[in-house]
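Under my numbering, the first residue of the sequence shown is numbered 411, with each subsequent residue one higher. Note that beta-carbon positions come from the ideal geometry of N, C-alpha and C, so glycine has one too. Treat the numbers as computed from the prediction; the structure is a model and nothing was measured.
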Amino acid sequence: MEEFRRPIFKLIYNSSSQGSCTSKLIPDHVDLDCLPSTLTSAQTDQIDSLQQLKVTTSTGIDVSVSAQGWGSLSALSFSYGYSKQTTHMIDNIVKQSSTMFFSLAKVSYVKLSMFELTLSLSDKFIYVIENMPCCTYNSSVQRYVYDFIIDYFGYAYIYEIMLGGIAQDLMSVRTRDVTQLESETINTKHEAKIGFYISMGTTVTSGYDKQKHDKFMEKVQSETSTRLGGDPSIKDLNAWAKTVSDNPVVSKFSMKFIVDLLNTQRFPSDTHIADKAKLIKTVLDEYMNQPVYCYNNCTNSTYGTCIPTGIFNVGKCQCKSGFEGQS
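Pasting the structure below:
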């Protein structure tokens with residue numbers, strides 16, 4: 411992700427966590443908690459609106475941040491045009507008038523939490539902050555923050571991560587076909603979950619009606635199944651889950667703004683550290699203040715106006731009399 415670049419903290423690897431679930435070296439001042447390696451039951455979300463996509467993103471992506479700046483940080487991280495996943499979903503929902511069925515199952519392995527107060531900052535990060543121009547906002551300050559802070563270190567840092575495995579499936583169905591299938595007493599959300607288990611090599615017996623499922627699958631425009639972590643060559647889902655501990659991936663992380671680190675405790679000899687923090691935040695606010703996106707910019711002002719929806723930085727064309735459509 412663009413939020414993270416070079417190391418901000420100085421991580422020192424001296425020893426492994428004795429008696430834990432891994433023999434790998436753990437950085438000093440980082441706690442390791444072993445988690446039950448159990449495969450969760452799949453959860454399927456039916457997404458046919460920006461609001462529902464926002465709800466799914468907030469629960470499925472599993473990103474939490476410090477209270478300060480949550481709105482702007484999340485808005486940029488998952489905004490249209492910035493996040494490939496969000497852009498793909500919105501194009502299908504809005505532009506293609508499709509309903510997306512997103513199924514997800516996870517395997518937890520370990521949680522790593524760093525105790526920030528006792529961790530030292532990296533030498534390069536300290537050097538960049540100490541040599542930052544101050545204290546009037548101008549083009550030189552803006553260029554310095556872009557080149558040596560945002561481009562070099564990103565604008566956020568991770569303080570807690572969970573490692574494990576992720577199995578997911580994404581289906582696209584025309585919304586009009588979903589309506590038709592539901593009118594025929596076919597539970598599309600249930601059939602999408604059945605499809606997830608079948609795509610993951612699991613034999614399904616409970617709640618499986620082949621005729622209904624085949625009818626649902628006929629309407630599926632596209633389907634993408636992926637496994638992250640473990641041995642992806644293993645077809646059976648439960649057998650794959652047992653390999654996650656050998657090759658885990660990040661399944662959840664918590665992050666904060668790097669501005670939170672600019673204080674007198676970490677930079678006791680820098681009398682301008684508070685001013686530098688304000689300058690960096692000003693640049694970050696500008697960086698995150700992206701223009702609202704409307705398809706084709708609503709053609710032009712004669713046809714309609716781009717109105718913000720407040721979700722993923724996407725707007726909606728408010729058409730003038732005699733015009734209609736998304737663009």
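Query: Any 3 or more C-beta pairs closer than 8 Å across the stretch 504–523 and the stretch 602–620; Result: yes
Query: Under 8 Å between C-beta atoms of I571 and L527; Result: no
Query: Three-way DSSP call (helix, strand, coil) for F535 in this model; Result: helix
Query: Inter-residue spacing [alpha-carbon to alpha-carbon] between F677 and V538; Result: 12 Å
Query: Contact belief for F667 with Y565 at Cβ below 8 Å, rounded distance in angstroms; Result: 7 Å
Query: CA nearest to the CA of E628, picked from G617, Q495, G720 and A602; Result: A602
Query: According to DSSP, residues forming a beta bridge with P718; Result: G725
Query: Distance between beta carbons of D641 and G611, contact taken as under 8 Å; Result: Actually they are not in contact, since the Cβ atoms of G611 and D641 sit about 13 Å apart, beyond 8 Å.
Query: Cβ neighbours of T509 in the same chain (closer than 8 Å, five flanking residues each side left out); Result: Q456, I457, D458, I503, S582, V583, R584, T585, V588 and T598
Query: Residue environment, V465, which counts as buried when at least 16 other CB atoms sit within 10 Å; Result: exposed
Query: Cβ pair S447, S655 closer than 8 Å; Result: yes
Query: Cβ neighbour criterion (16 or more within 10 Å) applied to G574; Result: buried
Query: Boundaries (first-last residue) of the alpha helix (DSSP H) holding S609; Result: T598 to S609
Query: Residues near H439 in its chain [Cβ-Cβ closer than 7 Å; skip 5 each side]; Result: M524, F525, T528 and L529
Query: Among D579, V614, L442 and K505, the one whose alpha carbon lies nearest that of T634; Result: D579
Query: Cβ separation of D415 and F563, assumed to be a contact under 8 Å, to the nearest whole Å; Result: Per the sequence shown, the amino acid found at residue 415 is Arg instead of Asp. The pair is a contact, with the Cβ atoms about 5 Å apart (cut-off 8 Å).
Query: Counted within 10 angstroms of its Cβ, other Cβ atoms place T454 as buried (16 or more) or exposed; Result: buried
Query: Residue interval of the alpha helix (DSSP H) (run including Y697); Result: I683 to M698
Query: Own chain, CB closer than 6 Å to V473, minus 5 neighbours either side, in chain order; Result: Its pLDDT being 49, under 50, V473 is placed unreliably in this model, and the value from its coordinates should be taken loosely. The answer is none, since no qualifying residue turns up.
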